[in-house]
Every structure is written in structure tokens, then in C-alpha cells.
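One line per chain: the protein sequences are A and B, in this order.
If you're matching positions, the first sequence starts at 59 in our numbering and goes up one per residue.
If you're matching positions, the second sequence starts at 52 in our numbering and goes up one per residue.
Written out below as C-alpha cells is the structure these notes cover.
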Amino acid sequence: MEVTLSSRSLGKPGFLSDLRAFWAIVWREWTIFKRYPSWIIALLIWPLIFPMMYILTARALSGMDGSGLAVFTQTTGASNFIGYIVVGTTVWMWQNIVLWDVGFALRNEQMRGTLESNWLSPTWRFSYLLGHTGPQLITMTMFILITAIEFGLFFGVRLNGNPWLALLVMLTSIPAIYGLGFAFASIVITAKEAHTFVFLVRGLVMIFCGITFPVSLLPGWMQSVATWMPQTYMIHGMRAAAFANASLTELWPDLQALLLFGAFWLTLGYLLFQWMERRARRTGAIGQY
Amino acid sequence: MSDFAIEAHQLVKKFPARPGTGDKTADRDAIPSQPKKRSLWPFGRKEPKALFTAVNGVDLEIQRGEIFGLLGPNGAGKSTTIRMLCTLLEPTSGTARVNGFDVVTQANDVRRSLGTLLAGERSIYWKLTGRENLEYFAALYHIPQAIAKKRVDELIERMELKDRANELVEKYSTGMRQRVAIAKALLARPPILLLDEPTLGLDPQAARNLRELIAQLKQEGHTILLTTHYMEEADQLSDRIGIIDTGKVIALDTPEGLKRRIDQKEVIRLEVTGWQEYIGEKLRGLSEVSNLVARKQAEADLWEVNLQSNNSRAVLPKLVESIGQNGTRLVNMNIVKPSLEDVFIHLTGKALRD
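Listed below in C-alpha cells is the structure:
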């Protein structure tokens, strides 16, 4: 029999090919996301519902005439208690959504049956997680913008600070938030289940990072724990930038901590991914549902 | 460049045995036992884990341009072998090379050389269109954009998906999804194709079309490693067949060569109603009978019983006598030439779908 086929495939390896593959993963995620239209409703409703619970509680506790709010301002230094709460709850929701979304990205592919077919290609495998992050960042940006618009329209919340510095704090928070998501994604593939861990982490953020109250109200040991959580610095930095007109110099301690946590969590996320990949090759975990 | 498209030498894969599964093949000796030490560290491993040997010293040499069929019952080790060859699993020991590249140290080169169909219709995205799936995987296989576009069009045309290429895959039939999955495997025009149960779940017409396609791919020069449950499919398509059972290749030859192994035997095929297992035991006790396998048919209470014999003349009266008792009735009986399935039963003592 005459064999005419080349022993080489049509694929051309290289940095640009890997970049195009990464872009294809981003495009695929975004295209599939758009095909579930219910996300629009979630995107409009959730920014209001979760903070509302705390805002209404604060209103109730401040008394009929709202006199208790003066005590709140005295304690926190924040004149706008709604803005104060919204920043905290938005950071909490951001981390929560990343844990579910990025953390379960590979597991969802595994259950769908497509993880193996992706894994069989010569693309750099960490791209599958990185690529998932692209659309997630777009939807989170929309989420934060909608939060700002809705609270501006319905509650009259206005930024008193520098919006560019608030944006800078958000951008500096990305490595820590997503690094934690990457670490989760690898654990989920290995453990097949990580709901308990997600509940634990978001519970810790809720209690220790001061999403609706200043961390200084916590007992000393809890304040120490809070210093080891990047969300504490995100919330503090974003409140200071958006509502207290903090300067770059005043924000620098928060930014510095966020950069350090970002480097730590991204490295840990990548190392855990490498460990998971090696382990999966030994155990066959990629193909197991 | 190696003479072989795929070669494996003494390939072994062991997994930790799952507790509580009663895994009879678990092999505790696989890990050398260590003298027990008392440790203050409470989390240390207390005893070596039992291991289950899924693949036990497989040797394969597959020529370029050949269709090689790997046959075996569920759990025989054929999927584990394929998964090691396509780099999803790392061998516990032994070596394997695909297109001349080592599956452990040159895994990415192996992936570039392979087109794989592993999970069939589940291996593609149902929320993307057929075309979008192919464009996506073309990028993952690093096919330059201009070539990718032409290649996607070409494969859509070839797989007869043109009219519905822009519809979501979730609206396709199983056969169409399988065709998209095969087009995905062919995208990079890889020299070697690994097709794991390619016709599973397809209707007879779609399965026939797919078999024709596999034959065409061979003509185009692809090397194909095919696993299948369907004996006729393996017989029709394969240049050579390896029969794998309990993790070992127990026979390897051309389909004709394998059938010649039991040429001296006759295969008696019976159709029986009211079959009782004790009759099977009784017949197995006859010296002229070997490899008896009874399978329930789709029709109510109808069983197909296959057995092999060196002397059918002597055994027939005994068969008729044994079966015509206690409500069991012989409906049909044939003496047939041995098929590949009979070879399989002869070698493994069980039917492929056991």
C-alpha cells in the first residue's frame, strides 16, 4: 500500500500558536456563557439583593430617626454607610463567584466530558484555567459597574474619591482573588468535590475581613487572622480610594500587601495545578467523573 | 524516525485498588513491603496500598499505514493502554513511542502526532456549533489560522455537515455529533489516529458510513489504532488484531490467522427457549464440548448458545437430548465456520460483551 501522508501534522508549535489557543479558550468560554441568557437577570438582581440585607439591618439598628448612624460614622470614619457596606459585599461576592466559577471550571469540563479532549491537544494546559478567567473578568467588571450604577440611581451613592485609584486597587486585587481560584480548581479536580471548602473560605471572608464593619471591632486574635487575608486589604483599599479620597501614598500599604498576596496565591495556584496535572497522569483522574 | 507508528514494550499500569470493591486483581506484592517502624507522626502511610494491575506487560508494534484492532472485554485494559499511548496516563513501567516520540518525555510531540476519538459525542461542546467546535480545536492543535479555515470547511464537507454546520451541536443526532468528533480528530491531519469505540451508539447506517470512512483514512495513509466491541467491525477493518484480556495481549495476528487457530474446531450455534443454567453446566461436562457461552437475545425467553467441539457428529445427539427437557426447547441449530468472536471465546473463555 502506498503511504502518502506526512508524518507531521498541520500544527505549528510556538508562542503565537499558544497565544491563539489561549484566545480560543477565552472566546469559547464567552460564547458558551452568552448562550445561557439567564445570566442577564442574575447580573441585574444580585448586586442589589445581597447588600440590601445588610443595608436594611443597618437601617433597623440605627433607629427610626437614623440617629445610630452617627455612631457608625464615628466608629468607621465613613459618612456613607451604604457605600461602606456595598464595597464590602461586592468584594465578598467577587471572591465567591470566582471560587464557584474559576474554581469549578475544570471540574465542569470534566463532568461535561470535554476536559480529556482539551487535555489531548498540545496546548499549554494552564491556558485552560487562564482562558476561563478572561470572560470571568469581563462579567465581574460588568457586575461591579452595574452595582455602582444601581446604588447611584436608587440610593444616591456617589464616589467621593478618585475612581482611577479605586480601579487601581481592583486591578491589584486580581492576582490574589484569581490565584485562590486557580488553587481551588486544582483541588476540586483532585477531590472531585470542594463545596465545603468554598463555604469555609467565603465564611472566613465574611467574618474576618470586615465586609460590613471595621476590622478594629474584632477581638485581637481575629484581627491577626484578618491581616493574613488579602480581602481585608481589598475592602480597606477600595473604601479608602472610593469614599475617603485617599492618595496613592495612603493606599500604598494596601497595594503592597495585595501585590504580595497576589504573588503568593498565583504561585501557589500554578504549583497546585502542576501537581494536579502530574497526579492526574498517574491516577487517570482527568477522565474520571 | 522509527519504523513503527506505535510501539510499546512491557507496558504496565497499576492503580491503587479502590477499597471495598473486592478487587481480585489487587496485587499487594507490587509494592515491596517495608519493615514496620513506629512513628510519632500520625499522618504517615501505615501500610503500602494494594495495587490493581490494569495493564500487565503489553507489547505492541504497529506498522505505519496499518489498521490495528485492539479487542477485549470491559476491564481488559484496552482503554488504559490507549490512554497511556495518548499521554493521558503515565505508565507505571515499560516504554511506549508514538510516531517515534516517547509518551512520557516527549508528550507534546506525541499529542501533535495523534488524532483521538475517546469520549465520542461527549468530547465536543454541545453549546457551540459544529463549525465553532472545529475552529476552537484547530486553534488548540496550533493549526495556522488560514490553513485552519480551509481545513474546517474541507472536513465539514467531507463529514456531510455543511447544511447544519452553523447549528448548535445539542440539536444534532448522535451520528452527527460523532462525525464532528471524528472531524476534530482529523483536524491537524495527524499521521496516527486512536479511535476508541468509534461506532458505539450509532445506528446501523451511521456505523456503516463510519466504517467506510475509517477504510478511506487508511487509504490516505493514516495509521489507525481501533478499539471496538464489534467483532465484525474489527474483522472487516483491521489488518491485524490484538486480543487483550486481564491486561495482557493474549493473541496478535491477522483476522485470518486468528481464525485459523481454531480451524480444526466446529462451532455449533443453538437457539433455545427456556434455557436453564444447569443445562449449560451439564453440557460443559461433556468431553467433546468446549467454550460454551449462552447469551439472552432481545426476544423474550430466546437464548443463543455457542459452543465449540472437535467432533460435532458425536456431540449432537447428546445436545438434543440434554436440551429437550423440563420445558427447554431447541428452536434452531447451525454448525458454522469459526468467526473472530469464536476465536475470542476460545482464547478468553468469555464473550466480548461479558
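Built from N, CA and C at the ideal position, the CB exists for glycine as well.
Just to confirm my understanding: we take N385 of chain B, look at its own chain, exclude 5 residues before and 5 after, and list those with CB closer than 7 Å. What are they?
R320
Considering only the alpha carbon of each residue, which of B:F188, B:K316, B:I374 and B:E112 lies closest to N362 of chain B?
That would be B:K316, whose Cα lies nearest to the Cα of N362 of chain B.
Span of the alpha helix (DSSP H), counted from its first residue to its last, around E262 of chain B
Reading the sequence as shown, one finds Arg at residue 262 of chain B and not Glu. Element bounds for R262 of chain B: P255 to Q270.
I'd like to know whether the C-beta atoms of I133 of chain B and L245 of chain B end up nearer to each other than 8 Å.
yes
Counting only beta-carbon atoms, is K129 of chain B nearer than 8 Å to chain A?
For K129 of chain B, no Cβ of chain A is located within less than 8 Å of the residue's own Cβ.
Sequence-distant residues of its chain with Cβ nearer than 6 Å to Q85 of chain B (five each side left out)
Low confidence applies here, because Q85 of chain B scores a pLDDT of 45, under 50, leaving its location unreliable; read the following figure in that light. Cβ within range, chain order: n/a, list empty.
Run through the segment 346 to 381 of chain B for me and flag every whole beta strand (DSSP E) of 3 or more residues, listed as ranges in chain order.
Assignment of beta strand (DSSP E) within the segment 346 to 381 of chain B, counting only whole runs of 3 or more residues, yields 353 to 360 in chain order.
Cutoff 8 Å: K222 of chain B Cβ touching any chain A Cβ
For K222 of chain B, the nearest beta carbon of chain A is not closer than 8 Å to its own beta carbon.
Which residues in the same chain as D80 of chain B place their Cβ atom closer than 7 Å to its Cβ, once the five residues preceding and following it in sequence are excluded?
With a pLDDT of only 37 at D80 of chain B, under the threshold of 50, the placement of this residue in the model should not be trusted; the figure read from the coordinates follows. If you ignore the 5 residues before and after D80 of chain B, its C-beta comes within less than 7 Å of no other C-beta in its own chain.
When we look at the beta-carbon of L275 of chain A and count the other beta-carbons within 10 Å, is it buried (16 or more) or exposed?
exposed
Measuring only the C-alpha atoms, how far is A343 of chain A from I247 of chain A?
8 Å
Should the segment 277 to 294 of chain A be called in touch with the segment 142 to 158 of chain A, which here means at least 3 C-beta pairs below 8 Å?
yes
Grouping DSSP H, G and I as helix and E and B as strand, with all else coil, what is D290 of chain B?
coil
Alpha carbon to alpha carbon, how far is A68 of chain B from D78 of chain B? Give it in angstroms, no decimals.
Residue placement at D78 of chain B is poorly supported in this model, since its pLDDT is 44, which falls under 50; the coordinates still yield a value, given next. For the pair D78 of chain B and A68 of chain B, the Cα-to-Cα distance works out to about 8 Å.
What is the rounded straight-line gap between the Cα of F55 of chain B and the Cα of E355 of chain B?
41 Å
Note down, in chain order, every chain B residue with its Cβ under 8 Å from the Cβ of L178 of chain A.
Correct list: C137, T138, L139, R162, L165, T167 and L169.
List in chain order: all unbroken alpha helix (DSSP H) runs of 4+ residues lying wholly within the segment 241 to 307 of chain A.
Positions of the alpha helix (DSSP H) runs, each at least 4 residues long and wholly inside the segment 241 to 307 of chain A, are given as 253 to 266, 278 to 284 and 288 to 301 in order along the chain.
The segment 92 to 112 of chain A touching the segment 227 to 237 of chain B, judged by at least three CB pairs closer than 8 Å
Below 8 Å, too few C-beta pairs join the segment 92 to 112 of chain A and the segment 227 to 237 of chain B to call them touching: fewer than three.
Going by the CB atoms, is the gap between Y142 of chain A and R297 of chain A shorter than 8 Å?
With contacts defined by Cβ atoms closer than 8 Å, R297 of chain A and Y142 of chain A form a contacting pair.
Please decide whether A68 of chain B counts as near chain A, where near means a Cβ-Cβ distance under 8 Å.
no
Those residues which DSSP pairs with G120 of chain B across a bridge:
BP columns for G120 of chain B point to B:L277 and B:I292.
Starting from P67 of chain B, follow the beta strand (DSSP E) in both directions and report where the run begins and ends.
F55 to P67
State buried or exposed for N377 of chain B, treating a residue as buried only when at least 16 other CB atoms are found within 10 Å of its CB.
exposed
Measuring only the C-alpha atoms, how far is F331 of chain A from Y192 of chain B?
21 Å
Any C-beta of chain A under 8 Å from that of F152 of chain B:
no
Residues of chain B with CB under 7 Å from E335 of chain A, in chain order?
Think of a sphere of 7 Å around the beta carbon of E335 of chain A: no beta carbon from chain B falls inside it, the nearest being about 11 Å out.
Roughly how many angstroms separate the alpha carbons of F162 of chain A and G272 of chain B, rounded to a whole number?
41 Å
Helix, strand or coil at F213 of chain A [DSSP, three-state]:
Helix, per DSSP.
State the Cα-Cα distance for the pair P350 of chain A and A302 of chain A, rounded to the nearest angstrom.
The requested residue 350 of chain A is not part of the displayed model; chain A covers only 59 to 347.
Within 8 Å (strictly less), CB to CB, does L164 of chain A reach chain B?
no
Could you tell me whether the Cβ of I133 of chain B comes closer than 8 Å to any Cβ of chain A?
Chain A contact via Cβ: absent.
Taking Cβ-Cβ distances below 8 Å as the criterion, which residues of the segment 334 to 348 of chain B are in contact with chain A?
Those residues of the segment 334 to 348 of chain B that come within reach of chain A (Cβ to Cβ, closer than 8 Å) do not exist; the list is empty.
Are the Cβ atoms of L326 of chain A and A241 of chain A separated by less than 8 Å?
Contact: yes.
Helix, strand or coil, according to DSSP, for R173 of chain B in the structure here?
Shown here, R173 of chain B sits in a helix according to DSSP, grouped into three states.
Is the closest heavy atom of the ligand SAH to the C-beta of Q332 of chain A under 7 Å?
Of the ligands one can find in the structure shown there are none, so the ligand SAH has no counterpart to examine.
Kindly indicate which three-state DSSP category V149 of chain B falls into: helix, strand or coil?
The answer is strand: DSSP assigns V149 of chain B an E or B state.
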